[in-house]
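Residue numbers (our numbering): 458 to 640.
Beneath this line is the structure, given in structure tokens, with notes to follow.
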């Protein structure tokens, strides 16, 4: 897949996700958002807080990577390349992958107080991500790298990380939708 095709696909998926968040979740009653079908299952607000934390952690690094790539005049390349780490990251986040994964404590909001304002914050973060995708069209998303959060070593290519964030978003929105249907 070409870099421009990937960015266009990610942009359309993110726009659809934003529309879903605005129409389905932003207008819900706080009691519905906090409903927990089982003691160890996340509620809708915890899903949104999880996504919000990922956006908080990675958006600044993505912005830095794009600015560095523009300063170095790294023009868009042809095809998207996957590192082994990036391929594994994207595969794990894919909603078609039915496996469940344990999240680290930093991203786990189970039984922590989360307010409905986290949805508004997530909408703002995803609008920022849309602008980032627009900027990413101008750089080589294979050469640009973003440091792995919470680790002193390891990097993801910009393209791999953007794809991960969008697929991870879709995965948890499907989880929130199934929680909404159960409540």
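A virtual CB, placed ideally from N, CA and C, is assigned to each residue, including glycine.
> Quick one: is residue 506 buried, meaning 16 or more other Cβ sit within 10 Å of its Cβ, or exposed?
Replying inline: Residue numbering aside, residue 506 sits at position 49 when the chain shown is read from its first letter. So residue 506 counts as buried.
>> On the DSSP letters alone, give me the boundaries of the beta strand (DSSP E) that residue 603 sits inside.
In response: Counting from 1 along the chain shown, the entry for residue 603 is found at position 146. Element bounds for residue 603: 602 to 604.
> On the three-state DSSP scale, how would you describe residue 612?
Replying inline: Sequence index remark: in the chain shown, residue 612 carries index 155 (1-based). The answer is strand: DSSP assigns residue 612 an E or B state.
> Are the CB atoms of residue 573 and residue 494 nearer to each other than 7 Å?
Replying inline: Against the chain shown, residue 573 aligns to sequence position 116. Against the chain shown, residue 494 aligns to sequence position 37. No, these two residues do not count as a Cβ contact at 7 Å.
>> From the DSSP secondary-structure annotation, give me the bridge partner or partners of residue 459.
In response: Numbered from its first residue, the chain shown carries residue 459 at position 2. Beta-bridge pairing links residue 459 to 536.
> From this set, 483, 489, 522, 499, which residue's C-alpha is nearest residue 602's C-alpha?
Replying inline: For this step, residue 602 is matched to residue 145 along the chain shown. Looking at the Cα atoms, 522 is the closest of the given residues.
> Expressed to the nearest angstrom, what Euclidean distance is found between the alpha-carbon atoms of residue 554 and residue 524?
Replying inline: If you number the chain shown from 1, residue 554 lands on position 97. If you number the chain shown from 1, residue 524 lands on position 67. Distance between the alpha carbons of residue 554 and residue 524 is about 33 Å.
> Is the CB-CB distance between residue 580 and residue 464 below 7 Å?
Replying inline: Here residue 580 refers to the residue found at position 123 when the chain shown is read from its first residue. Here residue 464 refers to the residue found at position 7 when the chain shown is read from its first residue. In this structure, residue 464 does not lie closer than 7 Å to residue 580 by Cβ.
> Would you report the Cα separation of residue 605 and residue 630, rounded to the nearest angstrom?
Replying inline: Sequence index remark: in the chain shown, residue 605 carries index 148 (1-based). Sequence index remark: in the chain shown, residue 630 carries index 173 (1-based). Taking the straight line joining both Cα atoms gives about 23 Å.
> What is the residue span of the alpha helix (DSSP H) that residue 640 lies within?
Replying inline: Position 183 of the chain shown holds residue 640. Neither: residue 640 is in no alpha helix (DSSP H) and is coded neither H nor E.
>> For the alpha helix (DSSP H) containing residue 525, name the first residue and the last one.
In response: Taking the first residue of the chain shown as 1, we reach residue 525 at position 68. Unbroken alpha helix (DSSP H) run through residue 525: 501 to 528.
> Considering residue 583, what are the terminal residues of the alpha helix (DSSP H) in which it resides?
Replying inline: The count along the chain shown starts at 1 and reaches residue 583 at position 126. Per DSSP, residue 583 belongs to the alpha helix (DSSP H) from 574 to 593.
> If you drop the 5 nearest sequence neighbours on each side, which residues of the same chain put their C-beta closer than 7 Å to that of residue 520?
Replying inline: For the purposes of this step, residue 520 is taken as residue 63 along the chain shown, with counting starting at 1. Excluding sequence neighbours, residue 520 sits near 589.
>> I'd like the span of the alpha helix (DSSP H) that includes residue 485, first residue to last.
In response: Here residue 485 refers to the residue found at position 28 when the chain shown is read from its first residue. Taken as a continuous stretch (DSSP letters only), residue 485 belongs to no alpha helix (DSSP H), as it is neither H nor E.
> Hey, would you say residue 534 sits closer than 7 Å to residue 460, going by beta carbons?
Replying inline: Locating residue 534 in the chain shown gives position 77, counting from the first residue. Locating residue 460 in the chain shown gives position 3, counting from the first residue. Yes, the Cβ-Cβ distance between residue 534 and residue 460 is below 7 Å.
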